[in-house]
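Student: Quick one: the structure is below, and I'll ask about it shortly.
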Amino acid sequence: MPNLITAIEWFFNVLYVVLFIRILLSWFPHSRGRFAFYIYRITEPILSPVRKVIQRSPLGGPGMMIDFSVIFTLLLMFLLRDFIIQLLVRLM
Numbered sequence: 434m435p436n437l438i439t440a441i442e443w444f445f446n447v448l449y450v451v452l453f454i455r456i457l458l459s460w461f462p463h464s465r466g467r468f469a470f471y472i473y474r475i476t477e478p479i480l481s482p483v484r485k486v487i488q489r490s491p492l493g494g495p496g497m498m499i500d501f502s503v504i505f506t507l508l509l510m511f512l513l514r515d516f517i518i519q520l521l522v523r524l525m
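In the working numbering, the protein residues as written are 434 to 525.
Quick look at the structure:
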């Protein structure tokens with residue numbers, strides 16, 4: 434089980450880094466090379482469901498200037514990671 438917990442932590446850490454890179458790429462709109470394409474391709478399936486929920490909430494809407502989906506996704510990922518690890522610890 435400790436190896437599984439370590440693998441889960443690595444998985445989430447890689448996702449955190451990829452999302453952080455996406456945040457940095459959003460600051461430089463002209464950086465649309467192959468690297469940026471792959472980062473967006475990895476992160477968009479994670480961010481788009483959260484973005485859809487936000488658009489239907491009072492925070493969202495068609496005039497939304499700031500994309501809060503990354504912030505909420507990171508928060509949800511932290512909670513999910515902790516939930517999974519606590520569940521595995523209890524099962525040991």
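Glycine included, each C-beta is placed from N, C-alpha and C at the ideal position.
No experiment lies behind these values; they were computed from the predicted model shown.
For LEU452 versus VAL503, is the C-beta spacing smaller than 8 Å?
Tutor: Against a cut-off of 8 Å, the Cβ pair of VAL503 and LEU452 comes out as a contact.
Student: Apart from the five residues just before and just after ILE517, which ones in its own chain have a Cβ nearer than 8 Å to its Cβ?
Tutor: Hits under 8 Å: ILE441.
Student: So, is VAL483 buried or exposed, given that buried needs 16 or more other C-beta atoms within 10 angstroms?
Tutor: Result: buried.
Student: For the candidate residues MET434, PHE445, PRO435, whose alpha-carbon lies nearest to that of LEU508?
Tutor: Closest by alpha carbon: PHE445.
Student: State yes or no: is the C-beta of ILE472 within less than 8 Å of the C-beta of ARG489?
Tutor: Not closer than 8 Å, so no.
Student: With a threshold of 16 other CB atoms inside 10 Å of the CB of THR439, please say whether the residue is buried or exposed.
Tutor: When all chains shown are included, THR439 counts as exposed.
Student: Just to confirm, is the Cβ distance from PHE470 to ILE487 under 8 Å?
Tutor: No.
Student: If contacts are defined as beta-carbon pairs under 8 Å, then LEU512 and LEU437 qualify, I think. What distance do you get, rounded to the angstrom?
Tutor: Wrong, their Cβ atoms sit about 19 Å apart, outside the cutoff.
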